[in-house]
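As structure tokens, the structure follows; a few thoughts come after it.
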């Protein structure tokens, strides 16, 4: 009979703590562990291992290990940037959502069984072929076994490429088929590749589930049309590309039909723009589209997280050009990216005239005004009964973005704004890690973008903070009682 997977002795007791502590006790108990000296890395590793072992993936993408794992990269980086006891909050939030899913009757009881590697004649090429055949049939248990064999023989990026062959086409069905494996691999860069045989099984089983067919005909035709595999395509960007990157970012940010974006990107690449330059333009244009969006759904962050993860892939020399191009050119197809198209303002926001009409503020005054405005949004009273996709942002949200734009226009210190909205992100548990992922994505994009374009990302981060604040933040409130701040 199958046995439950057991983890290395040094981490097993902490994993059991995450699994067995009741949801009512998990916030205070996690704080006590951290205060007593448990490291952030060990606590997050235990959270990941626990939710993988003891929580199943329900239909769709809400529940189980998906969002707890996707949030790990953001959580450990945000924790490292926050001062004092605030550094515990992102970690407590991640452990709390993992524990919540473990104890949910919708996701358990569940046991990740100890599995053994399976191959085809102990041959890597034959096993890769068998993996692809199992994918085509939706036989995710077989994919799980083949994955464990290939882990021992291929590099991390070779494994990720194999998973992206599945996840990139399925991005059209659900953004998370692409995002889940990429975010998990970023977490494994932190924990160590030796944990892939446990943590990596969750995205493998998720993306290889049977789904409707997902074809890449339009994308592959664009790649052929502009000869993107045949030409000597530039990889690295530079200052000489600033006019071209700016023009493409502006074209993307002003479009009203997201289906036009793949050809914009392919045409620019065919005209000589570098891969990194195209990714940067997509990211900046994406932040512009996010700011134009009138969505009030705090889950709608994949415009930014999708661009950020693609730029991460573009930096990986071991990944093939084909998979990089395909990933870049399907960004617009994710259902949670497409949602924004239905709620776009007619022109760029914040409106220049709205920003110009604001009273002049010092840096400290703007920080105080933005934080005060967002903090005044009523907690627990902004949960419309209609579906998430129909939620619209309030005028307070757009006013917060306008204040952030004045902050940007004045050239005030980005670190102070980042620190403030990082603390605000720590209040959220309604979105189950989306607020953290968006904050980290915009942080990374700000520092990976040329100075003339980078501020769009932090203005978008402020707008997202205002959208997500005040939904549900009982984990933060409980933690604040324990931590006395």
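Numbering (the working numbering), first residue to last: 2 to 486. All C-beta atoms, glycine included, are put in the ideal place defined by N, C-alpha and C.
Looking only at its own chain, which residues have a Cβ that is under 7 Å from the Cβ of residue 401, when we skip the five neighbours before and after it? 371, 374, 375, 463, 464 and 467
Cβ-based neighbour list, residue 278, same chain, cut-off 7 Å, excluding 5 preceding and 5 following: Result list for residue 278: 238, 242, 245 and 246, in chain order.
Output the boundary residues of the alpha helix (DSSP H) element that contains residue 145. 141-152
Measuring straight from C-alpha to C-alpha, what distance separates residue 183 and residue 360? 43 Å
Hey, quick one: how far does the alpha helix (DSSP H) through residue 265 stretch, first residue to last? 262-271
For the alpha helix (DSSP H) containing residue 331, name the first residue and the last one. Taken as a continuous stretch (DSSP letters only), residue 331 belongs to no alpha helix (DSSP H), as it is neither H nor E.
At what residues does the alpha helix (DSSP H) containing residue 406 begin and finish? From DSSP, the alpha helix (DSSP H) with residue 406 extends over 396-410.
Neighbourhood of residue 160 by C-beta, 7 Å cutoff - its chain only, sequence neighbours within 5 removed: 151 and 152
Chain-order list of residues whose beta-carbon lies under 6 Å from that of residue 5 (same chain, five-residue window excluded): 112
Which residue's Cα is closest to the Cα of residue 267: 255, 254, 283 and 257? 283
Can you list, in chain order, the residues of its chain whose CB lies under 6 Å from that of residue 271, leaving out five sequence neighbours each side? 227
In angstroms with no decimal places, state the Cα-to-Cα distance between residue 347 and residue 297. Cα to Cα, residue 347 sits roughly 17 Å from residue 297.
Looking at residue 44: is its Cβ nearer than 8 Å to the Cβ of residue 96? yes
Could you name the residues of the same chain whose beta carbon sits closer than 8 Å to that of residue 316, not counting the 5 residues immediately before and after it, in chain order? Closer than 8 Å at Cβ, skipping near neighbours: 277.
According to DSSP, residues forming a beta bridge with residue 5: 114
With DSSP as the reference, please indicate the residues paired to residue 345 in a beta bridge. 294
DSSP-derived helix/strand/coil call for residue 258: coil
Can you give the Cα-Cα distance for residue 117 and residue 162, rounded to whole angstroms? Straight across, the Cα-Cα distance linking residue 117 with residue 162 is about 22 Å.
With which residues is residue 121 paired in a DSSP beta bridge? 124
Could you say which of 87, 73 and 58 lies nearest to residue 107 if we only look at CA atoms? 58
Measuring only the C-alpha atoms, how far is residue 420 from residue 137? 46 Å
Residue 312 - DSSP class collapsed to helix/strand/coil: helix
By how many angstroms is the C-alpha of residue 290 removed from the C-alpha of residue 349? In this model, residue 349 and residue 290 are separated by some 8 Å (Cα to Cα).
Just mark residue 216 as buried or exposed, buried being the case when its beta carbon has 16 or more other beta carbons within 10 Å. Answer is exposed; the Cβ neighbour count stays below 16.
Do the CB positions of residue 434 and residue 319 come within less than 8 Å of each other? no
Would you check if the distance between the CB atom of residue 69 and the CB atom of residue 49 is smaller than 8 Å? yes
Residue range of the unbroken alpha helix (DSSP H) whose run includes residue 439: Taken as a continuous stretch (DSSP letters only), the alpha helix (DSSP H) holding residue 439 covers 435-449.
Are residue 294 and residue 344 closer than 8 Å when you measure CB to CB? yes
If we ignore side chains and look at the alpha-carbon of each, how far apart do residue 430 and residue 99 end up? Going by C-alpha positions, residue 430 is about 12 Å away from residue 99.
Are the CB atoms of residue 53 and residue 208 nearer to each other than 8 Å? no
Provide the residue span of the alpha helix (DSSP H) that contains residue 58, from first to last. Element bounds for residue 58: n/a, residue is neither H nor E.
Between the beta-carbon of residue 28 and the beta-carbon of residue 93, is there less than 8 Å? yes
Kindly identify the DSSP beta-bridge partner or partners of residue 82. The partner list for residue 82 (beta bridge, DSSP) is empty, contrary to what the question assumes.
With distances taken from CA atoms, which of 32, 422 and 83 is nearest residue 480? Taking residue 480 as reference, the option from 32, 422 and 83 with the minimal CA-CA separation is 32.
With burial defined as no fewer than 16 other Cβ atoms inside 10 Å of the residue's Cβ, what is the status of residue 287: buried or exposed? The residue in question, residue 287, is buried, as its Cβ has 16 or more Cβ neighbours within 10 Å.
Can you tell me whether residue 64 is buried or exposed, with buried defined as 16 or more other CB within 10 angstroms of its CB? Its Cβ being crowded by 16 or more others within 10 Å, residue 64 is buried.
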